[in-house]
Amino acid sequence: MSSAPEQFTPIAVLGAGSFGTALASLLAGNGNPTRLWCRDTEQATLMQSQGCNAKYLPDVQFPSTLQITDNLATAVDGVKDILVVTPSGAFSETLKAIKPLVQSDVRIIWACKGLEPGSGRFLHEIAREEYGEQIPLAVLSGPTFAKELATGMPTAITLASNDPEFASDMAERLINNTFRVYTSCDMIGVQIGGALKNVIAVGAGIADGMGFGANARTALITRGLAEIQRLGLTLGGKSETFQGLAGLGDLVLTCTDDQSRNRRFGLALGKGAAVEQAIRDIGQVVEGAKNAHQATLLASKHQVEMPISQAIYRIVHEGADPEEQAYELLGRQLKAEGQ
């Protein structure tokens, strides 16, 4: 007897923030029996009783095939495919927590947009360290706001994997008439694009908060992309990735729309708010604030010039004045555009 199609076997989504909830709702709506794990017991109980995530996506009702649980063992029991949508800083502890609970042929995909705090390591390196070099892995990244995804607005995304079968299976689980998936084998490029676009978005927000205008915003996005690509190519990413959805696409989205918490964080800083207060006001993890540190670590380690990312790091982590940093960038030595 042939096995059931992958899209009809259970899948676990770990992380019930806005994006995790949106992806879980999409998967369940596509016919996948889906288990959404929520760390907070009280929130999980509310989600079960209300049939929605009132905290993040109050207007999106859950499909009947979406199961909510606060029990990690229940979430991953007998599941082959696991989608992790926690903050990047919680990725490692999540993989460690599920390791004794999962079956030997587990496949892991994540939609976390960041690097390991403190080390700047890629998340695929963490997964391989925990589960071995041969484990099928994938990363999902691109220009996707959770609310638009959850309400069925047209969206496209990149899915990069080290295993073509896994990439195909996950694409089939995810696609529908409003959600398009482009597959890739460039896990490094997709992860770099997803992590560093948040840093540049903080900068775009700062510039707009200071009233610098459209010219400055566009220049910052363009030169920010040059920084991302310089580092990405040095680390083994592919040029076409940075010109695609997981590079340019996600960068433009995050830098120009106020649905982006990273942009809103930057806006607050540009208007004079303190870093801690701006983060509290956002009420969710601001990955760009954390990733600015990882970006500077990687830039220094690999001797890659990343002046915008380093300026954001100084503003967020060293208390540098945003206006001084802006004019320092403008006063840098002249160079050819391709450099």
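With our numbering applied, the sequence shown covers 65 to 403. Glycine included, each C-beta is placed from N, C-alpha and C at the ideal position. Since the model is a prediction, treat every value here as computed from it, not as a measurement.
- Sixteen is the threshold: since fewer than 16 other Cβ atoms of the shown chains lie within 10 Å of the Cβ of Met217, the residue is exposed.
- In this structure, the CA atom of Phe209 is about 9 angstroms from the CA atom of Thr318.
- In this structure, DSSP gives Ser183 a state outside helix and strand, which the three-state scheme calls coil.
- Taking each of Ala191, Gly206, Glu291 and Lys119 in turn and checking the Cα distance to Ile162, the smallest one comes out for Ala191.
- Residue range Pro371 to Glu382 is occupied by the alpha helix (DSSP H) that includes Arg378.
- Looking only at Ser183, Ala214, Asn240 and Ile172, the smallest Cα-Cα distance to Glu194 is reached by Ile172.
- With respect to Ile132, Cys102 sits close: the two C-beta atoms are nearer than 8 angstroms.
- By the criterion of a C-beta distance shorter than 7 angstroms, Ile256 is surrounded in its chain by Ile292, Leu295, Gly296, Leu299 and Gly301, once the five residues flanking it on both sides are discounted.
- With a cut-off of 8 angstroms on Cβ pairs, the region 78-89 is in contact with the region 99-115, counting three or more such pairs.
- Between Leu136 and Lys160, the alpha-carbon positions lie close to 12 angstroms from each other.
- Looking from the CA of Val148, the closest CA among Pro181, Asp123, Asp134 and Leu204 belongs to Leu204.
- Burial of His357 is indicated by the presence of at least 16 other C-beta atoms within 10 angstroms of its C-beta.
- Within the same chain, Ala76, Leu78, Arg99, Trp101 and Thr133 come within 7 angstroms of Ala139 by CB-CB distance, once the 5 residues on both sides are set aside.
- Annotated as distal: Lys177 and Gly288, with beta-carbon spacing of 8 angstroms or more.
- Per DSSP, reduced to three states, the secondary structure at Leu299 is coil, with no helix or strand assignment.
- For Ser168, same chain residues with a beta-carbon under 8 angstroms away, outside a window of 5 residues either side, do not exist.
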